[in-house]
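Asks:
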Amino acid sequence: MTDLAATDPLPKPKRDIAPILLPLALALLTIPLIGSTSSWLTLTVASLAMGMMIFIMASGLTLVFGLMDVLNFGHGAFIAVGAYVATLVLAPFAASIQADSLWMNLAVLAPAALLSMAVSGALGLVVERVLILPVYGQHLKQILMTTGGLIVAEQTLYALWGPQIIPMPLPTSLRGSFILGDVAIARYRVLAMLIGLAVFIAIQLVLNRTKVGLLIRAGVENREMVEALGYRIRRLFLGVFMTGSALAGLGGVMWALYREQVHASMSDDLTVLIFIVVIIGGLGSIGGCFIGAILVAMVANYGGFLVPKLALVSNILLMVAILMWRPRGLYVVTSR
Amino acid sequence: MTDLLKLSGVHTHIGRYHILQGIDLAVPQGQVTMLLGRNGAGKTTTLRTIMGLWQASKGEITLAGMRIESLATPDIARLGVGYVPESMAVFSDLTVKENLVLAARDGPLDDTQLDWIFGFFPALRRFWLSRAGSLSGGQKQMLSIARAIIERRKLLLIDEPTKGLAPAIVMALIECLKEVKRKGATILLVEQNFFAARELGDNVLVMDNGTIVHRGEMAALAADVPLQERLLGLSLEAHQ
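Protein chains in written order, with the working numbering: chain E, 94 to 429; chain L, 539 to 778.
Here you go:
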């Protein structure tokens, strides 16, 4: 065949399913180790719910990393701000939250989540314009600026709300569990899984079915060429940054409800997990981020149950193992 | 013949390296101007500086009379400049169709224009919905050129399009670019393949050490073997 005539079909691109099989293999491997099926199911559902929440928080960061090579160490600020903003809506409507009606609960919860996303997204706009715009292409300065921004944000939250932990009780209808045989599946975890899945599908639809999505995918791979085609990638980046910040805010609300509390440094531990997810998923890869988040959550839950003493380092070990297997992460989408 | 593009005293620094050292050149409207020179002479840097991908540290660049040296790359592209980099830079994760959809910035793909492109590069029609990353090197180059000509551009900057390609594909590219030229496009073309240069070029600029050391008609250089050897260290005949 010549390239010009191209009479033969192209070899079918191989679907790289090994990373997709990883969480499945991990889940199956742990069945005999855990022993009890009900415990295994409970841990698996907990892992999926936690994984979805981490995915929501990490998805924006991976696109920011991949698209503009920006190291945003202040991403956690959007998580905490999102959670605090939700308390502003939930506190005055405590009666509706405690009502035994799913619709009444959601009627308060949904606006709280939307407001959190709006405020976190708007904060993202300010952070990008003020902190990140002057330091594009300068990694060390990006780390210093965004870490400084995170400290300022945390201290501002302390100043406004005080140092105490603020309780954020789950709405009544989301308390308790669905009982399937001898397995109890917490209602809130099911909701978290559904929201995470919806966010994942929405991001995939935008990336694959819209011109903006095409530009983001192209920009992650080669932003210089996108600019040479006449597109102002910094505007696109600003949009991605704001969306990522808004999603972090949503993740913050969900995480706060999961833990039933809010405090200014709530994102400190999460930030480490989020960076691990972004790195093992492959910079800029939403699919990798999704699988990475589930893996991190599985290792935390299964590891915490089986070898509690290893819980603190289990995700670092996971990252080392994945990077030894695939040094640029599960899916490579950037040209860097 | 008016000059569409003019560079006057253009210098470009990359880090601490002084690459372009006072370039003066003109690209006449509606003609193909070849930019030749040894490796490392500054040809790619010249194209990237015109495109705004590297900022000129000194000098003036004018496109149709408008100063562009301080414009950002997207603004230069929007003035009607198409760019085909040496690396081809197709978006591997996107399909052939998606690559062209992005290149057609001003609206939906024009079927007539597409059919015209498919006439030169039938492989693009065949692999329309295939990922660009799965194409061969030659097919990627076809896509890269197609991306630059999918819409009418004032000026095309093309960097070594025939590099490493099979002779049949080189011929197809030459025919395509000849047709683009017949339609009135202005092209500044970096090329190491002297056969292609002779076939396409109206004018020639030869670079060495970041400056233009020769300018004239391509036909005159093609006919003057001693001049070729002096300027380029080799002759066209040896590279056909």
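Backbone N, C-alpha and C fix where the C-beta goes; we use that ideal spot for every residue, glycine too. All of these numbers come straight from a predicted model, not from anything done at the bench.
(1) Could you tell me the alpha carbon to alpha carbon distance between residue 681 of chain L and residue 161 of chain E, rounded to whole angstroms?
(2) Looking at C-alpha atoms only, which residue of E:320, E:302 and E:195 is the closest neighbour of residue 269 of chain E?
(3) Given a limit of 8 angstroms on CB to CB distance, which residues of the region 317-332 of chain E reach chain L?
(4) Out of E:153, E:179 and E:128, point me to the one whose CA is closest to residue 348 of chain E's CA.
(5) When the Cα of residue 556 of chain L is compared with those of L:566, L:541 and L:578, which residue comes out closest?
(6) Is the beta carbon of residue 628 of chain L less than 9 angstroms from the beta carbon of residue 685 of chain L?
(7) Could you confirm whether any beta carbon from chain E is found closer than 9 angstroms to the beta carbon of residue 576 of chain L?
(8) List in chain order: all unbroken beta strand (DSSP E) runs of 3+ residues lying wholly within the region 594-679 of chain L.
(9) Could you tell me which of E:169, E:123 and E:154 sits nearest to residue 361 of chain E, measuring between CA atoms?
(10) Give the interface partners of residue 639 of chain L over in chain E, defined as CB-CB distance under 8 angstroms, in chain order.
(11) Here's the rule I'm using: 16 or more other beta-carbon atoms within 10 Å means buried, otherwise exposed. How should residue 229 of chain E be labelled?
(12) Grouping DSSP H, G and I as helix and E and B as strand, with all else coil, what is residue 555 of chain L?
(13) Per DSSP, what are the beta-bridge partners of residue 210 of chain E in this structure?
(14) Hey, out of E:245, E:322, E:114 and E:409, whose CA is closest to residue 618 of chain L's CA?
(15) Considering only residues of the same chain and omitting the five flanking positions on each side of residue 308 of chain E, which have a CB-CB separation below 7 angstroms?
(16) How far does the beta strand (DSSP E) with residue 129 of chain E in it extend, from its first residue to its last?
(17) Find the residues of chain L that neighbour residue 426 of chain E, judging by a C-beta separation of less than 7 angstroms, and give them in chain order.
(18) Between residue 352 of chain E and residue 260 of chain E, what straight-line distance do the alpha-carbon atoms span, to the nearest angstrom?
(19) Consider the Cβ of residue 776 of chain L: report whether some Cβ of chain E lies at a distance smaller than 9 angstroms.
(20) Using a threshold of 9 angstroms, state whether the C-beta atoms of residue 158 of chain E and residue 341 of chain E are closer than that.
(21) Return no unless some Cβ of chain E is closer than 9 angstroms to the Cβ of residue 584 of chain L.
(22) So who's on the other strand from residue 575 of chain L, going by DSSP bridges?
(23) Quick one: does residue 611 of chain L have its CB under 9 angstroms from some CB of chain E?
(24) Using DSSP with H/G/I as helix, E/B as strand and the rest coil, what is residue 766 of chain L?
(25) Quick one: list the residues of chain E neighbouring residue 555 of chain L, beta-carbon separation under 9 angstroms, in chain order.
(26) In this structure, what does DSSP give as the bridge partners for residue 695 of chain L?
(27) Taking only runs that begin and end inside the region 233-311 of chain E, name each unbroken alpha helix (DSSP H) of 4 or more residues, in chain order.
(28) For the putative contact between residue 565 of chain L and residue 558 of chain L, defined by C-beta atoms under 8 angstroms, what is the C-beta separation to the nearest angstrom?
(29) Kindly examine the ligand HEM and report whether one of its heavy atoms sits closer than 8 angstroms to the Cβ of residue 739 of chain L.
(30) Residues in the same chain with beta-carbon distance under 7 angstroms from residue 544 of chain L, minus the five sequence neighbours each way, listed in chain order, please.
(31) Is the number of C-beta pairs between the region 369-384 of chain E and the region 179-188 of chain E that are closer than 8 angstroms three or more?
(32) Where do the N-terminal and C-terminal ends of the alpha helix (DSSP H) with residue 411 of chain E fall, by residue?
(33) Under 8 angstroms: do the region 139-153 of chain E and the region 281-293 of chain E share three or more Cβ pairs, one atom per stretch?
(34) Count the other C-beta atoms from every protein chain shown that fall within 10 angstroms of the C-beta of residue 201 of chain E, then say buried if there are 16 or more, exposed otherwise.
(35) Comparing alpha-carbon positions, which option in L:712, L:598 and L:624 lies nearest residue 739 of chain L?
(36) Which residues, in chain order, does the region 710-730 of chain L contribute to contact with chain E at a C-beta distance below 9 angstroms?
Replies: This is what the structure holds:
(1) Here the question's residue 681 of chain L lines up with position 143 in the second sequence. Here the question's residue 161 of chain E lines up with position 68 in the first sequence. Each residue's Cα considered, the two are about 25 angstroms apart.
(2) Along the first sequence, one-based indexing puts residue 269 of chain E at 176. Considering only alpha carbons, the answer is E:195.
(3) Those residues of the region 317-332 of chain E that come within reach of chain L (Cβ to Cβ, closer than 8 angstroms) are 317, 318, 319, 320, 321, 322, 323, 324, 325 and 326.
(4) Position 255 of the first sequence, counted from the first residue, corresponds to residue 348 of chain E. Of the listed residues, the one whose Cα sits closest to residue 348 of chain E is E:179.
(5) The sequence position of residue 556 of chain L within the second sequence is 18, counting from 1. Nearest C-alpha to residue 556 of chain L: L:578.
(6) If you number the second sequence from 1, residue 628 of chain L lands on position 90. If you number the second sequence from 1, residue 685 of chain L lands on position 147. For residue 628 of chain L and residue 685 of chain L, yes; Cβs fall inside 9 angstroms.
(7) For the purposes of this step, residue 576 of chain L is taken as the residue at position 38 of the second sequence. Between residue 576 of chain L and chain E, the shortest Cβ-Cβ separation is not below 9 angstroms.
(8) List check, beta strand (DSSP E) in window: 596-601 and 619-622.
(9) Here residue 361 of chain E is taken as the residue at index 268 of the first sequence, counted from 1. Checking every option, the nearest Cα to that of residue 361 of chain E belongs to E:169.
(10) Counting from 1 along the second sequence, the entry for residue 639 of chain L is found at position 101. Those within 8 angstroms of residue 639 of chain L in chain E are 304 and 307.
(11) Here residue 229 of chain E is taken as the residue at index 136 of the first sequence, counted from 1. Residue 229 of chain E is exposed by the Cβ-count criterion.
(12) One-based indexing of the second sequence puts residue 555 of chain L at position 17. The DSSP-derived three-state label of residue 555 of chain L is strand.
(13) Here residue 210 of chain E corresponds to residue number 117 of the first sequence, with the count starting at 1. Paired residue(s): none; residue 210 of chain E is not in a bridge.
(14) For the purposes of this step, residue 618 of chain L is taken as the residue at position 80 of the second sequence. The residue from E:245, E:322, E:114 and E:409 with its alpha-carbon nearest to that of residue 618 of chain L is E:322.
(15) The residue you call residue 308 of chain E lines up with position 215 of the first sequence. Taken in chain order, the residues that qualify are 319, 324 and 329.
(16) Sequence index remark: in the first sequence, residue 129 of chain E carries index 36 (1-based). For residue 129 of chain E, there is no enclosing beta strand (DSSP E), as DSSP marks it with neither H nor E.
(17) Sequence index remark: in the first sequence, residue 426 of chain E carries index 333 (1-based). 631, listed in chain order.
(18) Here residue 352 of chain E corresponds to residue number 259 of the first sequence, with the count starting at 1. Here residue 260 of chain E corresponds to residue number 167 of the first sequence, with the count starting at 1. Straight across, the Cα-Cα distance linking residue 352 of chain E with residue 260 of chain E is about 9 angstroms.
(19) Residue 776 of chain L sits at position 238 when you count from the first residue of the second sequence. Model confidence at residue 776 of chain L stands at a pLDDT of 48, short of 50, so the residue's coordinates are unreliable; what they give is reported in the following sentence. For residue 776 of chain L, no Cβ of chain E is located within less than 9 angstroms of the residue's own Cβ.
(20) Indexing the first sequence from 1 puts residue 158 of chain E at position 65. Indexing the first sequence from 1 puts residue 341 of chain E at position 248. For residue 158 of chain E and residue 341 of chain E, no; Cβs fall outside 9 angstroms.
(21) Here residue 584 of chain L corresponds to residue number 46 of the second sequence, with the count starting at 1. Any Cβ of chain E closer than 9 angstroms to the Cβ of residue 584 of chain L would place that residue at the interface, and such an atom is absent.
(22) Position 37 of the second sequence holds residue 575 of chain L. DSSP links residue 575 of chain L through a beta bridge to L:745.
(23) Counted from its first residue, the second sequence places residue 611 of chain L at position 73. Yes, residue 611 of chain L lies at the interface with chain E (some Cβ there is under 9 angstroms from its Cβ).
(24) Working through the second sequence from its first residue, we reach residue 766 of chain L at position 228. Helix.
(25) The residue labelled residue 555 of chain L in the question sits at position 17 within the second sequence. The contacting residues do not exist; residue 555 of chain L stays about 18 angstroms from chain E at best.
(26) Taking the second sequence and counting its residues from 1, one reaches residue 695 of chain L at position 157. Note: residue 695 of chain L sits in a beta bridge opposite L:621 and L:726.
(27) Taking only runs of at least 4 residues, the alpha helix (DSSP H) segments lying wholly in the region 233-311 of chain E are 280-302.
(28) As a position in the second sequence, residue 565 of chain L is number 27, starting the count at 1. As a position in the second sequence, residue 558 of chain L is number 20, starting the count at 1. No, residue 565 of chain L and residue 558 of chain L are not in contact; Cβ-Cβ is about 16 angstroms, not under 8 angstroms.
(29) Absence of the ligand HEM from the depicted structure is noted, as is the absence of any ligand whatsoever, leaving it without description.
(30) Against the second sequence, residue 544 of chain L aligns to sequence position 6. Non-local beta-carbon contacts of residue 544 of chain L in its own chain, meaning distances under 7 angstroms to residues more than five positions away in sequence, involve 564 and 600 in chain order.
(31) Remark: fewer than three beta-carbon pairs, one from each stretch, lie closer than 8 angstroms, so the region 369-384 of chain E and the region 179-188 of chain E are not flagged as touching.
(32) The residue given as residue 411 of chain E occupies position 318 in the first sequence. Residue range 404-418 is occupied by the alpha helix (DSSP H) that includes residue 411 of chain E.
(33) Here the region 139-153 of chain E lies against the region 281-293 of chain E, with 3 or more beta-carbon pairs under 8 angstroms apart.
(34) Position 108 of the first sequence holds residue 201 of chain E. With 16 or more Cβ atoms within 10 Å of its Cβ, residue 201 of chain E is classed as buried.
(35) Working through the second sequence from its first residue, we reach residue 739 of chain L at position 201. Nearest to residue 739 of chain L by C-alpha distance, out of L:712, L:598 and L:624, is L:712.
(36) Across the region 710-730 of chain L, CB contacts with chain E closer than 9 angstroms involve 710, in sequence order along the chain.
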